[in-house]
Amino acid sequence: MSLFLSYLLPGIPYGCAYALMAVGLVLTYRASGVFNLAFGAQAYVSAVVFSIALHDGWPGWAAFVVAVLLASPAIGLAMERLLFRYTRTAGPLVKLVPALGLLIAIPAVTQMVIGTATRLPSSLVLEPWKVYFHLASTPVSGEELSTTVITVAVVAAFALVLRSSGLGLRMRAVVESPRMAELSGVRSDRTSATAWVLSSLLAGLAGVLLAPLYSTVSASNFTALLVAAIAAAAIGSFTSLPITLIGAIGLGIAQQLLAGYLPSGTILSSGLRPAFPFVVLAVALVAGRTLRQPEAGDPLASCDPPAVAFRAPTRLTEVTVGSRAFTALVVGMLVATTLVLVPGNWEFVFTLGIVLSIVFLSITLLTGMGGQISLGQAAFVGAGAFTAGQLAMHSVPVLGAIVLAGVLAAALGAVVALPALRLGGIAVGLLTLSFALLATNVLFLYPWSGNGATGLTVPRPALGPISFAGNGAFFWLALVFLVVLAGVVKLVQWGTTGQELAALRGSERGSAAVGIDVRRLRVVAFTLSAAIAGIGGALYASLQQSISVNDFNYEFSLIYVVVVAAVGVYSVAGAIEAGILYAVLMQLTSTLPSRYSSLLALVFALAALTYVRHSEGVVAYAKAWVLDRAEQLTRHLQGPGLSLAGEAHIQDRTDRPAVASGDASAEHPGSPTEHPGSPDVHAVPRSHS
Amino acid sequence: MTGDPPRPAAQGDGRPLLELRDVEASYGPYRALFGVTFSVPEGSAVALVGSNGAGKSTVARVVSGLVRAKAGTIRFAGHEITRWPAWRIARAGLAHAPEGRSVFASLTVEENLVLAARALGGRRPNGALDRAFSTFGQLAAHRHQLAGTLSGGEQRMLSLAKVLVVPQRLLVVDELSFGLSPAVVDEVFGTLKTIRDAGTSLLVIEQHLDRVLSISDRAVLLVRGRVAAEGTVAEVEPAIDRLLPAHPRWSA
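As given, the protein sequences belong to chains A and B, one line each in that order.
So for the first sequence, the numbering used here puts the first residue at 69; every next one is plus one.
So for the second sequence, the numbering used here puts the first residue at 12; every next one is plus one.
Right, dumping it as structure tokens:
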């Protein structure tokens, strides 16, 4: 019994820290529909600030005020004011991408500011390691005691405030429709800002309380904390605060019990403990009440101006030809410089760019075309890489192994898609994230798969007499794979499946209503995407020649999504640009001092914040901008008298009165100028006199 | 011309309760209102009519602050409210029941009402709730039901109750009869009369011309984002007949 207790008690403070984060997650989710993954980063910042302030000799209360009451809420408020209030009525992907970007950007910035020196955590109230009393002969330390007491008190206080002040009710109203809430006299802006400040405060508190449980203050600990918090929130169905609290503490205890009772020294005992929250998350998502959000959306959404279509207007032939020629020129120069001019390691860089492009294509297909969020692509990439490695070890020709890797990854994708079938939006992303963590911590560690930290070696392929051992030769091989796979994705996009995927992205119910088998379509999308990711992984393995589980850490899945979304998630070209750009920037930043090592991630994370305004991606947006200017210039050179197109055309239509006819019967509803998104819009004004 | 004879406009203190002057509005590049000018006298019921796409709902949204006017001024109860946010206009006594689904589907009937009573009228919603449930008797039976599961008619009733838990000076209702059966439309219009008799002025947007004109003193005809005619119902009716001839005037 005392053994059981000695395993159980240390789990409680962990559970409490999970609970604080989870309650914060539920708060923002209910007030703004945003699943704020950046909470992990906010907790990290608070812990860092607290520890620095104490080391600089600040009194404890002052450090607490600055770290918990100021720093984290300020970040939360800035996020709400500058980003997330513009995403209130947007879809799950638009809400997710900036949060992911912040999860990556905030620790990166923090690291650049404070450097990479190891920080020792400081405790909040009591002496952390002093044993205050024994509970059934199990020592209870100050850390454990203060964390537990503070958590229970704070969560209870929050529940009370939410209920008695009506804030909880207002939050639920605002998340359903901020405009309708305003019509009821609710200050929607202030309500959601309040929710963000309060929940950020919880994240900061969790960070400061949890820091002493780890030996150093590092960002990855807090990402793991975040995932445990997500699991606890899922247990509470992302609504109930009490069940979330109980679930979080239960999770913390269960982790400690697992660590205590599983045979030590095995992969399960070391890997399952960090992966356990993901198992819980997967079970809670699949078995529990679903996270499926009502598709009805804000009934007053039509107050917003109609969305601008992604597709560029039809351009002048000169501009189209010019831009294609320019693209061909750039691609040709890239290939030429790779093969002729640049030093050897740049061949490797561009080849890596092509391999990454293939990996990113899998996101283009799944997320860009089908609207399905996957935060676990790294698992499929890794599965492909290790399959190729294992097959090559058993003397399968490497080219064949690369293709077979795609087949196995596809099967894995189909398996993961099955539990995802009854989930929607963000929940699919969380489920795939949990799969990736399971892969990183458990699946890839076995000798028959990734062989743990030792990893595998994978030779370069050969085709009969042709060897691809050199970087230059492998470049051509990768390019052939990219062209074939990009062609496949294009064909899918143009075909029936592509149209169905586009429909699925727009509305799942609408797709079902026009006779699309949504379940089958999702399985197809996941399978195809995983196959592409697997082939990309196998090529990566063969390119690097030596791979280990660290190459396919779950955190890469998050970075992948951020990079592709930042550059352009809707087009095949976007995936290729993202791959090349990422590889080139990685090479350029590789010589920077270590405190700037996350500069690369930061660049893309900040670019991802623009996703709120330009979901087509920074590069695609820039291209459209340049082409617009080119078109204007061409027209200017050609002189007046040409028909107008695009935005100019709309402006022209709306502001120029039509010829007055005086015939009232012409004013029938449904005239071609009426915009479907805004029922009361008339594009052609006419004098009524 | 066989409509009910128009009632004389109720006389207030002389100044109109709501006054729009040269109001312009647009959705992005799409312009919806072009210099709309009209007023709602205190204590009156004004019908806002026009074909689909004439700008009626946009007028309602501009008045309640959901859509910001690009130009012009809007005055309500002695204040210029053109740049006020929607919540402030709502608290000043201008209620707007928008068209379509306009209740919080994920909240219960009672929570819908408590939310509005607290935000509009201070901290103690009990008296306001009792008043609402006595006016809208059939809602009382469903008070703990999710509003999204109510029938269409009950949802419209709730959307009226929601904005009226606290007494309001002006109620703007948009397409009250949309998607409702004729019997339920009768009931909802009966409620409108009750509301008006309790001292709330009305601005009513409605496709069923006969119904809306029968309860209104004045009418405003919108055509393509401009006011084509304004005045008493009798004054405006010829213009309606001329400009909306294809309208199902007498269909219920």
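Heads up, the beta-carbon is just placed ideally off N, CA and C, and yes, glycines get one too.
Candidates the options: which alpha carbon is nearest residue i's?
i	options	result
A/Glu-615	A/Leu-88, A/Phe-454 and A/Ser-430	The residue asked about is misnamed: residue 615 of chain A is Ile in this sequence, not Glu. For the residues A/Leu-88, A/Phe-454 and A/Ser-430, the minimum Cα distance to A/Ile-615 belongs to A/Phe-454.
B/Asn-63	B/Phe-189, B/Arg-86 and B/Glu-30	B/Phe-189
A/Ala-456	A/Val-423, A/Ala-606 and A/Gly-439	A/Ala-606
A/Phe-306	A/Leu-660, A/Leu-349 and A/Val-285	A/Leu-349
A/Thr-262	A/Leu-281, A/Leu-235, A/Gly-253 and A/Ser-245	A/Leu-235
A/Ser-625	A/Tyr-664, A/Leu-73, A/Asp-585 and A/Ala-669	A/Ala-669
A/Phe-448	A/Gly-436, A/Ser-430, A/Gly-438 and A/Met-437	A/Ser-430
A/Gly-777	A/Val-295, A/Arg-231 and A/Val-94	Missing from the structure shown is residue 777 of chain A; chain A here goes from 69 to 757 and no further.
B/Val-47	B/Val-70, B/His-219 and B/Leu-150	B/Val-70
B/Glu-165	B/Ser-145, B/Arg-207 and B/Leu-191	B/Leu-191
A/Ala-106	A/Thr-215, A/Ala-292, A/Leu-71 and A/Leu-77	A/Ala-292
Got a sec? Which residues, its chain only, sit under 7 Å from residue i by beta carbon, not counting five neighbours each side?
i	result
A/Val-417	Ala-651, Val-652 and Gln-655
B/Gln-156	Thr-119 and Val-120
B/Ala-240	Leu-232, Val-247 and Ala-250
A/Leu-434	Gln-440, Ser-442, Ala-593, Phe-594 and Ser-597
B/Val-114	Asn-123, Ala-158, Gln-166, Leu-169, Ser-170 and Lys-173
B/His-90	Ala-103
Could you pull out every residue in the same chain whose Cβ sits closer than 6 Å to the Cβ of residue i, ignoring the five residues on either side in sequence?
i	result
B/Ala-80	Val-34, Ala-36, Val-73 and Thr-93
A/Ala-227	Leu-309
A/Thr-500	Ser-442, Leu-443 and Gly-444
A/Val-313	For the sequence presented, residue 313 of chain A should be read as Leu rather than Val. Only Ala-87 and Val-223 meet the Cβ criterion.
With DSSP collapsed to three states, give me the class of residue i.
i	result
A/Ile-534	strand
A/Leu-330	coil
B/Arg-235	coil
A/Ile-615	strand
B/Glu-30	strand
A/Pro-160	helix
A/Ala-692	helix
A/Val-749	Only weak support is given to the placement of A/Val-749: the predicted model assigns it a pLDDT of 36, under 50, and the value that follows is read from those uncertain coordinates. Correct three-state label for A/Val-749: coil.
A/Ser-232	helix
B/Arg-185	Looking at the sequence shown, residue 185 of chain B is not Arg but Asp. Residue state, collapsed to three classes: strand.
B/Gly-89	coil
B/Ile-216	strand
B/Arg-112	coil
A/Glu-576	helix
A/Phe-201	strand
A/Phe-152	helix
B/Glu-241	strand
A/Leu-105	coil
A/Thr-432	helix
A/Val-466	helix
B/Phe-144	helix
A/Asn-509	helix
A/Gly-24	One cannot answer for residue 24 of chain A here, as it falls past the ends of chain A, which runs 69 to 757.
For residue i and residue j, which I take to be in contact (beta-carbon distance under 8 Å), what is that distance rounded to the nearest angstrom?
i	j	result
A/Gly-111	A/Gly-275	A small correction: the amino acid at residue 111 of chain A is Ala; Gly does not occupy that position in the sequence shown. Correct: roughly 3 Å between the Cβ atoms.
A/Ile-494	A/Phe-103	5 Å
A/Ala-297	A/Ala-478	Contact doesn't hold; Cβ gap of about 33 Å is too wide.
A/Thr-222	A/Leu-88	In the sequence as displayed, the identity of residue 222 of chain A is Val instead of Thr. That belief holds up - the Cβ atoms of A/Val-222 and A/Leu-88 are roughly 7 Å apart, short of 8 Å.
A/Pro-81	A/Glu-212	5 Å
A/Phe-549	A/Ile-426	6 Å
A/Ser-639	A/Arg-528	Going by Cβ atoms, the distance from A/Ser-639 to A/Arg-528 rounds to 31 Å, so no, they are not a contact pair.
A/Arg-663	A/Gln-179	6 Å
Quick one: residues in its chain with C-beta nearer than 8 Å to the C-beta of residue i, no 5 flanking neighbours on either side, listed in chain order?
i	result
A/Leu-464	For clarity, residue 464 of chain A is Val in the given sequence; the question names Leu instead. The answer, listed in chain order, is Leu-472.
A/Arg-149	Ala-261
Using a Cβ-Cβ distance cut-off of 8 Å, determine whether residue i contacts chain C.
i	result
B/Val-78	Judged by its chain identifiers, the structure shown contains no chain C, and its protein chains are A and B.
Next on the checklist: Please list, in chain order, the residues of the stretch 231-245 of chain A that have any C-beta partner in chain B closer than 8 Å.
Outcome noted: With the criterion set as a beta carbon lying under 8 Å from some beta carbon of chain B, the members of the stretch 231-245 of chain A are Gly-234, Leu-237, Arg-238, Arg-240, Ala-241, Glu-244 and Ser-245, in sequence order.
Checklist entry - Using a beta-carbon distance cut-off of less than 9 Å, what residues from the stretch 160-181 of chain A approach chain B? => result none
Checklist entry - In chain order, what residues of the stretch 211-225 of chain B put their CB closer than 9 Å to some CB of chain A? => result none
Item to check | Within 9 Å of chain B by C-beta, residues of the stretch 284-308 of chain A in sequence order | outcome: none
Checklist entry - Got a sec: which bits of the stretch 83-117 of chain B sit with their beta carbon under 9 Å from any beta carbon on chain A, in order along the chain? => result Pro-96, Ala-97, Trp-98, Arg-99, Ile-100, Ala-101, Arg-102, Ala-106, His-107, Ala-108, Pro-109, Glu-110, Gly-111, Arg-112, Ser-113, Val-114, Phe-115, Ala-116 and Ser-117
Item to check | Against chain B: residues of the stretch 510-544 of chain A by CB proximity under 7 Å | outcome: none
Checklist entry - In chain order, what residues of the stretch 565-593 of chain A put their CB closer than 9 Å to some CB of chain B? => result none
Item to check | Against chain A: residues of the stretch 36-53 of chain B by CB proximity under 7 Å | outcome: Tyr-38, Gly-39, Pro-40, Tyr-41, Arg-42, Ala-43 and Phe-45
Checklist entry - Relative to chain A, which residues along the stretch 117-130 of chain B have a C-beta separation below 7 Å, given in chain order? => result Ser-117, Leu-118, Glu-122, Val-125, Leu-126, Ala-127, Arg-129 and Ala-130
Checklist entry - Which of the residues in the stretch 131-155 of chain B, read from start to end, lie with their CB under 7 Å from any CB of chain A? => result So the list reads Leu-131, given in the order they occur along the chain.
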